[in-house]
Amino acid sequence: MKASIFNYALTENLDASEYFCLLDLNYMHNLKVFKIVSFSIFSLFLMGSCEKKFKNDNFTAYFGGEVTNPLNRYVLFLKDNKVIDTIPLDRNNRFFKKFDSLAPGLYTFKHEPEYQYVYFDKNDSIMVRMNSNDFDESVVFCGRGEEKNNFLMEMYLKNEEDKNKMFTVFDYDLNKFNKYIDSAYTSRKNYYTTKKEALKWSDEFDLYALASLDFPYYTKKEIYPVIHEIRTGENVSQKLPKNFYEYRDEIDYNNKDLTNFSPFVKYLTYMLNNMALEKADEKASEEDKALDMNITKLNIADTLFKNPEIKNTILDNIAFAYLLEDQHIINNKKFLDRYNQLSTDKGNQNEIIKIGNAIQMLKNGNPLPKVSLIDLNGETVSSEDVVKGKCVIFFWTENAESHFETVHKKAMELKAKYPAYTFIAVNVDDNQSKWKTNLSKYKFSDIEEFRVKDFEELKQKWVITKIHRAITTNADGTINNAFVNLFDVKFIEHLK
């Protein structure tokens, strides 16, 4: 693992030079997603002719690149969420891998905790640059296969940009909302069509290109009735035209190639939520309503998905989401009983059971499981030495700066009203100096600051998967509630 990839590349019989195209710096600069500089000797060596001809049975492919501000010393290469290779960074933060045989298809590269997709056609040779400080905005591809991958990134960034605009759009009345999203969709589809005609990409790649266009559009339509009612108080469900969801009938829910593609997965999440909400009993308690809705989702998934692998993946997603959101011990058992009846994936059933067991350990009145924390001096301390008496523990990450500031201000506000409580902030990132630098920009008073030593330990023992979680403890240090949110209007009830 410590061997130099740079040296490996130079001694690979000089084959690599035949597979990489000359990097067009002007083209990449015009993408406006990253300030491009030369790859120096490393890249110049890899750049060569794109005219090499390959035999039909030759599936050689190359993947390499450079990580600016790396958070660890490797890049993971995955297919369908399974790690194919762990590629180490050399002393210049570059990585390189020759695959003697790589099947065409969609892959994932991950520099933890961030990830993105990369699509390989036969014999593609792709370089990628990324910066951990601004991961998604910095990703740029070059080499054989660059253009289609840069298209996917552009579509991803456009869809992410939409998220910042959509909350006010969800306030629109139905006609105005439809006009807005239809206009945006038409514009984006024209761009997709232009690129498809120019690049002449394969039908296999087009599945993902089209999915990155269609599913964000469908997702907006699934979200609209719910968010519109939350934000405006108006229930528009009865006003929706009969063809509002007609696209549902056109989707191939059993296409295995889409199972792990984020736009598809996100769409399914909202679609299942929407369909379950339509069947929900409005008179039921919040806990029972959550149980009924999630069992409904399991039943819909069982009917909708015929491919066992896809069905199990969706069932697992529903189970993970439910167990991590709604904590009611009796209802959890009812939910898991139905999940186990439908799922045939014994491996993930065990993971679901582990989460269920971890949640059981976080019941009210139980001692909070010990985890290792790091203080501002860089010293490792046990959580049991920090969490004493009445406490409120909340979490933050530098990757969500607005939340970082807002949650601290909320904690200070609560501390002023409830001085008997100790407020403890736990940063989930792994860079000590950046953590301290971020804190130094603000003057957060009356809050004890720590950083987690091992996020995996925190995730397993405290079941922390969302940054908006908080934990409250009693006067004797036992758990009061391990699944609360500082911004919940009912949160103060846990402090009385």
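Using the numbering used here, the final residue of the sequence shown is 512, and nothing's skipped along the way.
Think of the CB as a built atom: it goes at the ideal place given N, C-alpha and C, for glycine as much as any other residue.
Because the structure is a prediction, the values reported are computed rather than measured.
Chain-order list of residues whose beta-carbon lies under 6 Å from that of residue i (same chain, five-residue window excluded)
i: N454; result: E414
i: D504; result: none
i: T481; result: L340
i: F55; result: Caution applies to F55, whose pLDDT of 44 falls short of 50 and renders its modelled position unreliable; the value that the coordinates give is listed next. Once the five neighbours on either side are set aside, F55 has no close Cβ partner at all.
i: F157; result: I142, V144, N165, N166
i: T319; result: none
i: E245; result: N251
i: L60; result: Model confidence at L60 stands at a pLDDT of 44, short of 50, so the residue's coordinates are unreliable; what they give is reported in the following sentence. So the list is empty, once near-sequence residues are dropped.
i: K95; result: Y123
i: R354; result: I311, L314
Candidates the options: closest to residue i by CA position
i: L215; options: V444, T396, N380, E162; result: E162
i: G381; options: F280, N347, Y458, I487; result: I487
i: Y286; options: M309, A491, F193; result: M309
i: N315; options: V397, D401, K195, L288; result: L288
i: K1; options: S199, N251, E170, I197; result: Residue 1 cannot be examined here, being either before or after the span of the chain that is shown, 17 to 512.
i: K322; options: K195, N270, L352, Q448; result: N270
i: Y188; options: N251, L229, V156; result: N251
i: K126; options: P120, K114, F79; result: F79
i: L474; options: V442, A491, D152; result: V442
i: F420; options: K457, S449, K406; result: K457
i: A436; options: K469, T489, E472, D445; result: T489
i: S218; options: Q254, Y135, E176; result: Y135
i: F112; options: K404, A119, P120, I103; result: I103
i: N447; options: F471, K433, M428; result: F471
i: D273; options: T202, E245, E220, N333; result: E220
i: G363; options: T235, H510, T209, E325; result: E325
i: I173; options: A300, N194, R204, N191; result: It is worth fixing the name first, because residue 173 is Leu in this sequence and not Ile. Considering only alpha carbons, the answer is R204.
i: N139; options: D150, K114, N149, L256; result: K114
i: D265; options: S418, E245, I495, Y234; result: Y234
i: D150; options: L87, F183, L105, D101; result: L87
i: K282; options: I463, N175, P383, K349; result: N175
i: M428; options: A416, H510, I463; result: I463
i: K406; options: S418, E417, K426, K431; result: K431
i: K179; options: N328, A200, E213, F499; result: A200
i: L168; options: D222, L256, L384, K299; result: D222
i: A491; options: H510, Q476, K477, Q365; result: H510
i: E177; options: D152, L190, D198, N191; result: D152
Residues bridged to residue i (per DSSP)
i: D101; result: F93
i: N74; result: DSSP output for N74 lists no bridge partner at all.
i: S218; result: Its beta-bridge partners do not exist; DSSP assigns none.
i: I495; result: T489
i: T422; result: T422 pairs with nothing; no bridge assigned.
i: F466; result: V442
i: R110; result: E82
i: K126; result: L92, Y131
i: F231; result: None; F231 has no bridge partner.
i: G121; result: F136
i: F115; result: A77
i: F460; result: According to DSSP, F460 bridges with nothing at all.
i: W412; result: N443
Residues near residue i in its chain [Cβ-Cβ closer than 7 Å; skip 5 each side]
i: K386; result: S398, S399, E400
i: L576; result: In the structure displayed, the chain extends from 17 to 512; residue 576 sits before or after that span and is not available.
i: I508; result: none
i: V479; result: L340, I371, A374, I375, L378
i: T248; result: D187
i: V279; result: It should be pointed out that residue 279 corresponds to Pro in this sequence rather than to Val. Result list for P279: A227, S228, F231, P232, in chain order.
i: L358; result: L314, D318, L331
i: A296; result: K305, D308, M309
i: N291; result: Here the sequence assigns Met to residue 291, which means Asn is not the residue at that position. The answer, listed in chain order, is I316.
i: T494; result: G381, N382, P383
Contacts around residue i, its chain only, beta-carbon distance under 8 Å, and the 5 residues preceding and following it disregarded
i: N347; result: E303, D304, A306, L307
i: F277; result: L122, Y133, Y224, A227
i: G450; result: According to the sequence as given, residue 450 is Lys; it is not Gly. Excluding residues within five positions, the ones whose Cβ falls inside 8 Å are E414.
i: Y196; result: V185, Y188
Supposed contact pair residue j and residue i - C-beta distance, whole angstroms, cut 8 Å
i: D116; j: T76; result: 6 Å
i: K237; j: Y261; result: 7 Å
i: H484; j: N501; result: 5 Å
i: L389; j: V444; result: That pair is no contact at about 11 Å.
i: V99; j: L92; result: 5 Å
i: F439; j: V403; result: Wrong, their Cβ atoms sit about 11 Å apart, outside the cutoff.
i: R107; j: G81; result: Not quite, the Cβ-Cβ distance comes to about 15 Å (not below 8 Å), so this is no contact.
i: I311; j: A335; result: That pair is no contact at about 11 Å.
i: L284; j: V242; result: In fact, because the Cβ distance is near 15 Å, the residues do not count as touching under 8 Å.
i: Y240; j: F183; result: With a Cβ gap of about 11 Å, Y240 and F183 do not count as contacting.
Cβ-heavy atom distance, residue i to the ligand FAD, below 8 Å
i: I334; result: Judged by which ligands are present, the structure shown has none, so any question about the ligand FAD falls away.
Can you list the alpha helix (DSSP H) stretches of 4 or more residues lying completely in the stretch 341-409, in chain order?
345-358, 362-377, 399-402
Taking the runs of the alpha helix (DSSP H) that are 4 residues or longer, which of them lie wholly in the stretch 283-333?
302-320
Continuous beta strand (DSSP E) assignments of at least 3 residues falling wholly in the stretch 129-214:
130-136, 141-147, 156-160
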